[in-house]
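Working notes for the structure below.
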Amino acid sequence: MSASNFTDDSDFVTCVAKYGLMNAKPSETWTAYLAQREAAANRSASEQLLAGSDDGCHSEMVDFAVDNLLDSLKLEDQKEKVLQDGIYILSQDVIVGGDMTVRSAEVLSRIYSPNNPSAVDVYLSYYDRTRDSSVEFHCDIYYLMHDTFTGMEFIVREPEGPGKMHGFQPLLHIDLLPQKHEFNITKSQTQALFMVLFANESIRRCMIPPDAMMRLMLASVGIAMSMGRGPENDSFESDEIRWDGLEDNAHWLGKNVRRVSW
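When we follow our numbering, the leftmost residue of the sequence shown carries the number 305, and every step to the right adds one.
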């Protein structure tokens with residue numbers, strides 16, 4: 305549907321035309337959304353220019369993960385494009401070993417809604433190192449909901465630890481020991497995330513289901529997860545670079561993603 309079918313509000317029309325928004329509705333906050341998204345695009349482009357070879361590989365990992373998910377969903381071309389174009393890497397610090405496995409990663413990405421003036425930030429902290437006879441490993445993912453944009457100033461924040469989370473909420477923690485794994489998000493929190501990203505779509509008509517939304521959040525920081533009919537069929541996919549520390553945890557993660565989906 306073209307922008308002229310919606311409203312004569314210039315910023316709203318610009319958003320619909322520029323970003324291919326679907327089923328969007330007029331709102332006073334589209335002006336802030338436009339300013340914020342343009343700033344995110346500039347920030348992401350600068351990150352790519354400043355990135356070293358390893359970090360450049362990570363942007364390719366994000367592309368691979370997102371494409372892997374969208375291909376599995378078999379969406380219409382317009383839906384695929386609006387979701388692909390809405391993901392921006394805002395910061396990245398990634399180290400890849402000579403064996404093409406990720407050793408450490410600190411990545412912040414933002415997913416803009418395809419139909420609401422809102423977004424979700426996803427932050428990954430990953431560490432996987434072997435020292436002599438010991439192994440150090442953790443994978444933590446956090447999220448921050450921007451349920452509406454009201455200000456024009458573009459501010460990027462990252463969680464800094466207890467007492468300095470800056471609004472970020474824990475999504476999951478994967479540890480070297482399975483008994484220390486944590487899946488922190490509830491079904492009601494998943495529904496809140498879903499409303500931020502897809503509120504103008506009914507559950508039956510939404511462009512992607514809730515479990516795919518969770519996989520989209522993982523993909524936005526470079527983690528490609530495939531889900532089969534049951535957890536035993538779930539897996540992490542890779543192109544050239546691998547997340548070795550995650551490989552044995554696909555069943556655990558898939559089971560928890562299903563638990564909070566509907």
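Think of the CB as a built atom: it goes at the ideal place given N, C-alpha and C, for glycine as much as any other residue.
- Query: Among Ser350, Leu522, Ser363 and Asn327, which has the Cα closest to the Cα of isoleucine 445?
  - Reply: Position 141 of the sequence shown, counted from the first residue, corresponds to residue 445. The shortest C-alpha separation from isoleucine 445 is found at Leu522.
- Query: Which whole runs of the beta strand (DSSP E) in the segment 432-468 are 3 residues long or more, in chain order?
  - Reply: As summarised for the segment 432-468, the continuous beta strand (DSSP E) elements at least 3 residues long and confined to that stretch are 438-450, given in chain order.
- Query: Is proline 482 buried or exposed, if buried means 16 or more other CB atoms sit within 10 Å of its CB?
  - Reply: The residue labelled residue 482 in the question sits at position 178 within the sequence shown. Burial call: exposed.
- Query: Helix or strand or just coil, what does DSSP make of serine 363?
  - Reply: Here residue 363 refers to the residue found at position 59 when the sequence shown is read from its first residue. Looking at serine 363 - three-state DSSP - the assignment turns out to be helix.
- Message: Between leucine 550 and isoleucine 478, how many whole angstroms is the CB-CB distance? I'm expecting something under 8 Å.
- Response: For this step, residue 550 is matched to residue 246 along the sequence shown. For this step, residue 478 is matched to residue 174 along the sequence shown. The pair is a contact, with the Cβ atoms about 7 Å apart (cut-off 8 Å).
- Query: Can you tell me the Cα-Cα spacing of serine 350 and tyrosine 447, whole angstroms?
  - Reply: Along the sequence shown, read from residue 1 onward, the residue named residue 350 stands at position 46. Along the sequence shown, read from residue 1 onward, the residue named residue 447 stands at position 143. Here the C-alpha atom of serine 350 lies approximately 23 Å from the C-alpha atom of tyrosine 447.
- Query: Just curious, the beta strand (DSSP E) that arginine 546 is in, first and last residue?
  - Reply: Sequence index remark: in the sequence shown, residue 546 carries index 242 (1-based). That residue, arginine 546, is in no beta strand (DSSP E); it is neither H nor E in DSSP.
- Item | C-alpha gap between alanine 503 and asparagine 419, whole angstroms | Numbered from 1 along the sequence shown, position 199 holds the residue referred to as residue 503. Numbered from 1 along the sequence shown, position 115 holds the residue referred to as residue 419. Annotation: alanine 503 to asparagine 419 spans about 8 Å, alpha carbon to alpha carbon.
- Query: For leucine 412, which beta-bridge partners are listed by DSSP?
  - Reply: Locating residue 412 in the sequence shown gives position 108, where the first residue counts as 1. Secondary-structure assignment with DSSP links leucine 412 through a beta bridge to Ser395 and Tyr427.
- Message: So for arginine 519, helix, strand or coil by DSSP?
- Response: Taking the sequence shown and counting its residues from 1, one reaches residue 519 at position 215. In the structure shown, arginine 519 falls within a helical segment according to DSSP collapsed to helix, strand and coil.
- Determine the DSSP secondary structure at threonine 318, reduced to helix, strand or coil. Here the question's residue 318 lines up with position 14 in the sequence shown. In the three-state scheme derived from DSSP, where H, G and I count as helix and E and B as strand, threonine 318 is classed as helix.
- Message: Tell me whether the segment 407-418 and the segment 531-539 touch, counting them as touching only if at least three CB pairs, one residue from each stretch, are closer than 8 Å.
- Response: Between the segment 407-418 and the segment 531-539, the count of C-beta pairs closer than 8 Å stays below three; the two stretches do not touch.
- threonine 454, buried or exposed, once every other Cβ within 10 Å from all chains shown has been counted against 16: Here residue 454 refers to the residue found at position 150 of the sequence shown. Threonine 454 sits exposed, since fewer than 16 C-beta atoms from the chains shown fall within 10 Å of its C-beta.
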